[in-house]
Amino acid sequence: MSVGDPLSDMLTRIRNAVATGREQVSMPGSKMTAEVARVMKSEGFIRDYLLTGDLKKTLTLTLRYDDSLEPAIRGLKRVSKSGLRRYCSVEGLPRVLGGLGIAILSTSAGVMSDKEAKAKHTGGEILCTIW
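For the sequence shown, the positions run 2 to 132 when this note's numbering is used.
Here you go:
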């Protein structure tokens, strides 16, 4: 089965896994979803990720929960969609929940968080927000 928007599919699968308290979630893998997973891991929202397979890639995420089994991910939102792309300059980078969440951007220097984009002084397409 082909997926129209792999990133939206990824966010929906994560949202559903968090709602049901699952420890791991698998999805079709791509370069973009693997890069988003890398940023999520570096920011502490997931514990680990694994991209497997040659022809048909599968991305498996291990979600992060605290000692009281509260998920690290409270919410996810797709910002730039296929029908309406959202771009911003470094000055227009959004603050997610007053700095408690992150925005993930696709820039000319690769996929990165809003904090990293500010440090590198670059803007780009806002893929999603996570809090």
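For every residue, glycine included, the Cβ atom is placed at its ideal position computed from N, Cα and C.
Residue pairing by DSSP puts Met28 in a beta bridge opposite Leu60. Rounded to whole angstroms, the separation of the alpha carbons of Gly93 and Val26 is 33 Å. Across the set Gly30, Gly111, Val97, the C-alpha of Gly30 shows the shortest separation from the C-alpha of Asp10.
The residues Ile103, Ser114, in chain order, have a CB closer than 7 Å to that of Glu44 in the same chain once the five nearest residues on each side in sequence are set aside. Taking the C-beta atoms as reference points, Cys129 is found nearer than 9 Å to Leu8. Rounded to whole angstroms, the separation of the alpha carbons of Gly99 and Trp132 is 10 Å.
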